[in-house]
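Numbering (numbering that gives the first Met the number 0), first residue to last: 0 to 223.
Cβ atoms here follow ideal geometry from the backbone N, Cα and C, with glycine treated the same way.
Worksheet for the structure shown next.
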Amino acid sequence: MSYLRPIYVMFQPGITQNECDAVFSGIRAVLEAAKVSSRINILNFGAFRMDPYRHPDGKLADYRSIDWYLHQGAIHSARPNQLDASVILHCLLTEPWQQHIRHYDVAVLHSDIYADNNNFIIGVAQPSLGTVISTHRFRNLDRHTQWACVETETIHELGHVFGLIPQHRTDNVEDSLGRHCTNRCAMRQGLSVPDDWKQISLDRLRHGPFCAICQYDLRVYFRR
Numbered sequence: 000m001s002y003l004r005p006i007y008v009m010f011q012p013g014i015t016q017n018e019c020d021a022v023f024s025g026i027r028a029v030l031e032a033a034k035v036s037s038r039i040n041i042l043n044f045g046a047f048r049m050d051p052y053r054h055p056d057g058k059l060a061d062y063r064s065i066d067w068y069l070h071q072g073a074i075h076s077a078r079p080n081q082l083d084a085s086v087i088l089h090c091l092l093t094e095p096w097q098q099h100i101r102h103y104d105v106a107v108l109h110s111d112i113y114a115d116n117n118n119f120i121i122g123v124a125q126p127s128l129g130t131v132i133s134t135h136r137f138r139n140l141d142r143h144t145q146w147a148c149v150e151t152e153t154i155h156e157l158g159h160v161f162g163l164i165p166q167h168r169t170d171n172v173e174d175s176l177g178r179h180c181t182n183r184c185a186m187r188q189g190l191s192v193p194d195d196w197k198q199i200s201l202d203r204l205r206h207g208p209f210c211a212i213c214q215y216d217l218r219v220y221f222r223r
């Protein structure tokens, strides 16, 4: 089974151009680090809506729009002002489009999200499938800092999609809401949002997105 698959990107209506550009920059940075940028296509579906995405009665048709995915995250949420990102991620796993062409999904939201018992999260990923990313917690930052943090969170979550951090690895690893790198690396955990992510972004801009170990593991993922 090839892991060289296209990346499908869709956005919640209301995502800004700055956020959109930062996401694509982050995706390209990961593919360049993995040395697969010429072998993986990135498809921008924007605010995905495939007609007819509503039934005659106005109800949303399953899987045919970003609106339906967001609706699933809302109706299954236990919290009135947050979407359940794990539900949206599960919808990406079960969507019929995966049966037509195997691909990676990146769903970018500005709504606040959570998963499990966390107060909030900025992203959630399923290895070899895709990720749901929220820009909500970075929206009060200045334009430049917001770009850097959204780019970093995209790199981080896509790194998880591409197998980081592998289970066999024991060096420079911590279990903190999932497996994360402890090196100066975009795969570090950032529990204080946005402050930790501002620092991770500064380190990334100075030293590159991944430490040597994560970059090696990333390239191994695509050689399988």
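How many angstroms separate the CA atom of residue i from the CA atom of residue j?
i	j	result
I100	A185	29 Å
S24	I74	32 Å
I41	S175	30 Å
I39	R222	13 Å
I121	S191	11 Å
F44	I6	10 Å
D195	G189	5 Å
D66	K58	11 Å
A205	P95	The residue you asked about is not Ala; residue 205 is Arg in the sequence shown. About 41 Å.
R168	S127	18 Å
D202	H179	16 Å
A84	S37	31 Å
R183	I132	22 Å
I14	Q98	28 Å
N80	N118	11 Å
Y62	C90	8 Å
Q71	D50	19 Å
L170	C19	Here residue 170 is Asp; the residue named in the question, Leu, does not match the sequence. Near 34 Å, if we compare the C-alpha coordinates of C19 and D170.
Between the beta-carbon of residue i and the beta-carbon of residue j, is there less than 8 Å?
i	j	result
P208	C148	no
A21	W146	yes
V86	V8	no
V160	Y113	no
T134	K197	no
A60	R53	yes
R142	N17	yes
Counting along the chain, where does the alpha helix (DSSP H) carrying residue i start and finish?
i	result
L92	84-93
V160	142-160
A43	Sequence inspection shows Asn at residue 43; the Ala mentioned does not correspond to that position. From DSSP, N43 is part of no alpha helix (DSSP H) but of the beta strand (DSSP E) over 41-43.
R203	194-206
G72	65-74
Please look up how many angstroms separate the CB atoms of residue i and residue j, rounded, as I've assumed it's under 8 Å.
i	j	result
L69	Q11	6 Å
H217	G158	Sequence inspection shows Leu at residue 217; the His mentioned does not correspond to that position. Right, the Cβ-Cβ distance comes to about 7 Å (below 8 Å), so this counts as a contact.
L88	V123	6 Å
Which residue marks the beginning of the beta strand (DSSP E) containing residue i, and which one marks its end?
i	result
A124	122-125
Y14	It is Ile, not Tyr, that sits at residue 14 in the sequence shown. Per DSSP, I14 belongs to no beta strand (DSSP E) and is neither H nor E.
Looking at residue i and the ligand NAD, is the gap between the Cβ and the nearest heavy atom below 7 Å?
i	result
F10	In the structure on display, the ligand NAD does not appear, and there are no ligands present to speak of.
Inter-stretch contact at 8 Å, needing at least 3 Cβ pairs: the stretch 16-36 / the stretch 151-159: yes
Three-pair Cβ contact test at 8 Å for the stretch 105-112 versus the stretch 124-144: yes
Inter-stretch contact at 8 Å, needing at least 3 Cβ pairs: the stretch 209-216 / the stretch 159-171: yes
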